[in-house]
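Okay, so the sequence shown: first residue is 1 according to full-length UniProt numbering, each after it adds one.
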Amino acid sequence: MVDVHGKPEGFKHRFKSYRLRGDYERPWLADPDTKKTKWNNLIVGAFLGLGFVGAAIICFLIVRPYRNLPYCLVFEDHFDTLDSSAWSHEVQLDGFGTGSFDWTTADAKNSYVDAQGLHIVPTLTNATTGITNDQLYANYTLDLFKDGSCTSKRNSSCIASSDPVKGSMIPPVRSARLTTKGKRSIRYGKVEVVAKMPTGDWIWPAIWMMPEESVYGDWPRSGEIDIMESRGNSHDYPEGGRNFYYGTLHWGPTAETDSYWRTTNAKKIRRGDYASDFHTFGVQWTPSYIYFYIDSRVHQILFVGFERDRPLYDLGRFAQMAENQTLLANPWALSKSTTGNAPFDQKFYLIL
Numbered sequence: 001m002v003d004v005h006g007k008p009e010g011f012k013h014r015f016k017s018y019r020l021r022g023d024y025e026r027p028w029l030a031d032p033d034t035k036k037t038k039w040n041n042l043i044v045g046a047f048l049g050l051g052f053v054g055a056a057i058i059c060f061l062i063v064r065p066y067r068n069l070p071y072c073l074v075f076e077d078h079f080d081t082l083d084s085s086a087w088s089h090e091v092q093l094d095g096f097g098t099g100s101f102d103w104t105t106a107d108a109k110n111s112y113v114d115a116q117g118l119h120i121v122p123t124l125t126n127a128t129t130g131i132t133n134d135q136l137y138a139n140y141t142l143d144l145f146k147d148g149s150c151t152s153k154r155n156s157s158c159i160a161s162s163d164p165v166k167g168s169m170i171p172p173v174r175s176a177r178l179t180t181k182g183k184r185s186i187r188y189g190k191v192e193v194v195a196k197m198p199t200g201d202w203i204w205p206a207i208w209m210m211p212e213e214s215v216y217g218d219w220p221r222s223g224e225i226d227i228m229e230s231r232g233n234s235h236d237y238p239e240g241g242r243n244f245y246y247g248t249l250h251w252g253p254t255a256e257t258d259s260y261w262r263t264t265n266a267k268k269i270r271r272g273d274y275a276s277d278f279h280t281f282g283v284q285w286t287p288s289y290i291y292f293y294i295d296s297r298v299h300q301i302l303f304v305g306f307e308r309d310r311p312l313y314d315l316g317r318f319a320q321m322a323e324n325q326t327l328l329a330n331p332w333a334l335s336k337s338t339t340g341n342a343p344f345d346q347k348f349y350l351i352l
């Protein structure tokens, strides 16, 4: 505020210092309490300094074992083209045991490469094939054995029939699933995938790793590494939409005792979502731990450490469980792992 003369109100006089000048007595310097306060401040400062140094040493000792190791690049793909020496399409109808109701294809409408990289696109079955809407629900059989496109040998994976009495239908959506199985796999190392998530209800994007050989038996005995799982739903979806993604390990003696809930975590993005930009989804895997991160190793999502004296069978407390009145045997009892990390001691391949 200013007065009528343009001068700020409340500042009528120039500030004047009343600090004493020249020599004058300072009796407080001779006060013993002043000296005590000075020493107290020095002691507190010294302990604070030691605390900071100690914290830095502790952090260094904790982080050092998980440092960025000197890796050797074994596979890199910028998807300038779809490299058939590294990637294959899995063509099936059964949802791969996940409950997914899509028909995975090798159709260029569902997966293709352009200047922006690899695209995986879901389409409606009745819009991209000759199957009508009525046939999706009744009186139609889809047999992938006939054209030789099915990549499985199981009838349940390659043949689907629509029958309203049985509650079965033809998969209403077509999509794509690419895998490096039999072509590229690793046992320990670092895997990073740069990707942008899709948008839309019922869409479930995933980046997985599965065992090249099911050494310990059927899923989840031989393990599963989910580098990223998300949804295409909006932010208000109750269980988390495209602003969430999950990193998870699946392991257990049976499907019913899968202990993924012990080794999973979600990352929520605070601004925007995972469909608004590209992100790097990574995992660092050693005999001693598996470490999930996003964009940088500094942004940890999940850390799972392995202990020789407490293998995963003990961590899951499976010895206390039974199915059909039979105790659960240890599927990893014959593992040669010395760090307790079985089943994550075998080669795994990548799935997009």
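The beta-carbon is built from N, C-alpha and C at its ideal position, and this holds for glycine as well.
These numbers were taken from a predicted model, which means no experiment stands behind them.
{"Item": "Residue 419 and LEU312 look like a contact to me (Cβ under 8 Å); what is the Cβ gap, rounded to whole Å?", "Value": "Only positions 1 to 352 of the chain appear in this structure, which leaves residue 419 out of reach."}
{"Item": "Exposed or buried, what is ARG19 when buried is set at 16 or more other beta-carbons lying within 10 Å of its beta-carbon?", "Value": "exposed"}
{"Item": "Could you have a look at LEU42 and say whether DSSP puts it in helix, strand or coil?", "Value": "helix"}
{"Item": "Rounded to whole angstroms, what is the Cα-Cα separation between SER162 and CYS150?", "Value": "18 Å"}
{"Item": "Distance check for LYS16 and VAL2, CA to CA, integer angstroms please.", "Value": "With a pLDDT of 49 at VAL2, under the threshold of 50, the predicted position of this residue should be treated as unreliable, and no value is reported."}
{"Item": "Against chain B, does PHE303 count as a neighbour if the rule is that its beta carbon must be under 7 Å from one of theirs?", "Value": "Among the chains of the structure shown, chain B does not appear; only one protein chain is present."}
{"Item": "Using alpha carbons as the reference points, say which of TYR289, HIS235, HIS299, THR280 lies closest to GLY272.", "Value": "HIS235"}
{"Item": "Does DSSP classify residue 353 as helix, strand or coil?", "Value": "Within the shown structure, residues of the chain are numbered from 1 to 352, placing residue 353 beyond reach of any answer."}
{"Item": "Opposite ASP143 in the DSSP bridges: which residues?", "Value": "ILE159"}
{"Item": "Tell me, to the nearest whole angstrom, how far the beta carbon of ALA342 is from that of SER335; I am working on the premise that it is less than 8 Å.", "Value": "4 Å"}
{"Item": "Look up TRP285 in the DSSP assignment and give the residues it is bridged to.", "Value": "GLY189, ILE290"}
{"Item": "Taking DSSP's pairing of strands, which residues face GLY247 in a bridge?", "Value": "ASN265"}
{"Item": "Counting C-beta neighbours from all protein chains within 10 Å, is the total for CYS72 16 or more, i.e. buried, or is it exposed?", "Value": "exposed"}
{"Item": "Are the stretch 217-227 and the stretch 121-139 touching by the rule of at least three beta carbon pairs closer than 8 Å?", "Value": "no"}
{"Item": "Between the stretch 165-175 and the stretch 136-143, do three or more beta carbon pairs fall short of 8 Å?", "Value": "yes"}
{"Item": "Is the number of C-beta pairs between the stretch 199-211 and the stretch 226-242 that are closer than 8 Å three or more?", "Value": "yes"}
{"Item": "Helix, strand or coil for LYS227? Go by DSSP, reduced to three states.", "Value": "Looking at the sequence itself, residue 227 is Ile, so the reference to Lys does not match. Three-state result, ILE227: strand."}
{"Item": "Have a look at GLU256, PRO211, GLY340, THR199 and flag the residue whose alpha-carbon is nearest the alpha-carbon of VAL304.", "Value": "GLY340"}
{"Item": "How many Å lie between GLU132 and ARG174 at the Cα?", "Value": "Position check: residue 132 holds Thr in this sequence, whereas Glu was assumed. Spanning the two alpha carbons is a distance of roughly 14 Å."}
{"Item": "Going by beta-carbon coordinates alone, are SER157 and GLN92 separated by less than 7 Å?", "Value": "yes"}
{"Item": "So for GLN320, helix, strand or coil by DSSP?", "Value": "helix"}
{"Item": "So LYS347 packs on ARG187, CB below 8 Å; how close in whole Å?", "Value": "5 Å"}
{"Item": "Please confirm if the stretch 313-323 is in contact with the stretch 251-271, defined as three or more CB-CB distances below 8 Å between the two stretches.", "Value": "yes"}
{"Item": "Can you tell me the Cα-Cα spacing of ASP31 and ILE58, whole angstroms?", "Value": "41 Å"}
{"Item": "On the three-state DSSP scale, how would you describe THR98?", "Value": "coil"}
{"Item": "Using the rule of at least 16 other Cβ atoms within 10 Å of the residue's Cβ for burial, across every protein chain shown, is THR141 buried or exposed?", "Value": "exposed"}
{"Item": "How far does the alpha helix (DSSP H) with TYR313 in it reach, from first residue to last?", "Value": "312-315"}
{"Item": "Out of curiosity, what's the CA-to-CA distance linking PRO198 and THR248?", "Value": "20 Å"}
{"Item": "When DSSP builds the beta bridges, which residues end up paired with GLN92?", "Value": "THR104"}
{"Item": "How big is the Cα-Cα spacing for ALA160 and THR280?", "Value": "37 Å"}
{"Item": "CA-CA distance, GLU323 and GLY252?", "Value": "13 Å"}
{"Item": "In terms of DSSP beta bridges, what is HIS279 paired with?", "Value": "ALA195"}
{"Item": "How about LYS268 and ASN243: do their beta carbons lie closer than 7 Å?", "Value": "yes"}
{"Item": "Excluding five sequence neighbours on each side, which residues of the same chain lie with their C-beta closer than 6 Å to the C-beta of GLU212?", "Value": "SER185, LYS347, TYR349"}
{"Item": "At the level of alpha carbons, what is the spacing between LYS146 and HIS299?", "Value": "48 Å"}
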